[in-house]
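Numbering-wise (my numbering), the sequence shown opens with residue 325 and increments by one.
We treat Cβ as the ideally placed atom computed from N, Cα and C, and that holds for glycine.
All figures in this text were calculated on a predicted structure; none of them were measured in a lab.
Let me begin by presenting the structure, written as structure tokens, before commenting on it.
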Amino acid sequence: MNDLNPPVVVAPSEIAAAFDSICLAPDALEALEQSARASDLADLPLLKSGEWARFSAEVHGAFAARDHLIIKGLPVSAHGATLLLTARTIGAAFRTYRGGQIIKQFTMSPWTTELSHTTREGEFHTDLNTESVSPAITAMQCLEPDPGAPRYGVNRVARLTDMLTFLAECADAKTLHFLTQERVTMLNDRSLSSWSGRAVEGDVLRYHPETLRAAARRSGEFVPALAERIAGVARAAMAVSAPFGLERGDVLLLSNHRTLHYRGECSVVFKRYPTEFSSRSVFILHAGRERANS
Ligand SMILES: [Fe+2]
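Here you go:
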């Protein structure tokens, strides 16, 4: 198998300097979100520059080869404006949330069971997998690394093509069949949205163990094979991925259609128990589709 570590692109100093001047103003995120909603940011002078074209082409190249990459050397802005601009390289049609927000921030907490920011180990999944059209790209920027890194807060990305090859090679026909042939239902317990179909349809993968379990619970059917299939997917995803850390400022861009992602258990260091602690904090956004390299 190829090198499992994510490809790394280092942002040139001109790009980092331009990001500094655009992203560090107090209202930078608001202005960028507004312009992303209205014009796709195309009016920004930086996006018309030769530096941007070269940077963007390098990001596209790494993404095309491995369906994910890490970008280093960018500044971190307090509200995540840098992530929005970075994701514009390969992402289009940003998803908006409450109040037209594009960027969300998650800080890990020992006091929640919410999957987005619990300190418990997560499972390999795709994001927003019960929506009628799942987002093509997930983008993440590390604001604060896990205080227990590198042992805690590790990330993994498993490519669909590698998992299918692995399952075929180790003759795990049941898991292969489950992913590519079986009709399954995934249910989001919170939004009550559900989706039915094959986990792999065409070249789009949708998968989240929690939503599969929730659908099985709701239908009242005891599905003894489901736990076994989920374990089979986890085994394959582990085998074709490697753990990696994110340092402050690192941006991870990944295909939410062609990869599964995972976050290991996180740690916290209390400053004053129980409410003040340092922990992993990240900005997240989703792009509806991939942008062609222009
Ligand atoms: Fe996720």
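Distance, residue j Cα to residue i Cα
i: residue 424; j: residue 444; result: 30 angstroms
i: residue 580; j: residue 481; result: 10 angstroms
i: residue 486; j: residue 526; result: 16 angstroms
i: residue 396; j: residue 460; result: 22 angstroms
i: residue 373; j: residue 380; result: 11 angstroms
i: residue 531; j: residue 483; result: 13 angstroms
i: residue 435; j: residue 475; result: 21 angstroms
i: residue 442; j: residue 516; result: 21 angstroms
i: residue 494; j: residue 464; result: 33 angstroms
i: residue 616; j: residue 388; result: 11 angstroms
i: residue 577; j: residue 462; result: 6 angstroms
i: residue 376; j: residue 468; result: 27 angstroms
i: residue 354; j: residue 555; result: 42 angstroms
i: residue 328; j: residue 567; result: 9 angstroms
i: residue 365; j: residue 618; result: 15 angstroms
i: residue 528; j: residue 383; result: 21 angstroms
i: residue 338; j: residue 596; result: 41 angstroms
i: residue 522; j: residue 503; result: 7 angstroms
i: residue 562; j: residue 456; result: 28 angstroms
i: residue 428; j: residue 551; result: 31 angstroms
Cutoff 7 angstroms; reference residue i; Cβ partners in own chain excluding five residues on either side
i: residue 466; result: 570, 571, 572, 573, 574 and 606
i: residue 409; result: 343, 346, 347 and 356
i: residue 385; result: none
i: residue 398; result: 335, 340, 343, 406, 410, 573 and 575
i: residue 542; result: 511
i: residue 323; result: The requested residue 323 is not part of the displayed model; the chain covers only 325 to 618.
i: residue 583; result: 391, 392, 481, 482, 483 and 484
i: residue 499; result: 491, 553, 556, 557 and 560
i: residue 454; result: 510, 511, 512, 517, 518, 519 and 535
Any non-hydrogen atom of ligand 1 within 8 angstroms of residue i CB
i: residue 496; result: no
i: residue 391; result: no
i: residue 442; result: no
i: residue 581; result: no
i: residue 451; result: yes
i: residue 462; result: yes
i: residue 585; result: yes
For residue i: DSSP bridge partner residues
i: residue 482; result: 584
i: residue 613; result: 416
i: residue 333; result: 395
i: residue 431; result: 605
i: residue 425; result: 421
i: residue 442; result: 433
Close Cβ partners of residue i (< 8 angstroms) along its chain, the five nearest in sequence each way excluded
i: residue 538; result: 510, 511, 512 and 513
i: residue 479; result: 567, 568, 569, 570, 576, 585, 586, 587 and 588
Contacting residues, own chain, Cβ-Cβ under 6 angstroms from residue i (five flanking each side not counted)
i: residue 560; result: 487, 490 and 491
i: residue 370; result: 342 and 376
i: residue 447; result: 533
i: residue 496; result: 556
i: residue 430; result: 440, 441 and 606
* If you scan the stretch 445-531 from start to end, which runs of the alpha helix (DSSP H) of 4 or more residues do you find wholly inside it? -> Listed in chain order, they are 484-493 and 497-504.
* Which runs of the beta strand (DSSP E) fall wholly inside the stretch 537-606 and span at least 3 residues, in chain order? -> With a minimum length of 3 residues, the continuous beta strand (DSSP E) runs that stay inside the stretch 537-606 are 575-579, 583-587, 592-596 and 600-603.
* Asked: Which full runs of the alpha helix (DSSP H) of 4+ residues lie inside the stretch 338-372, going along the chain?
  -> Whole alpha helix (DSSP H) segments, 4+ residues: 352-363.
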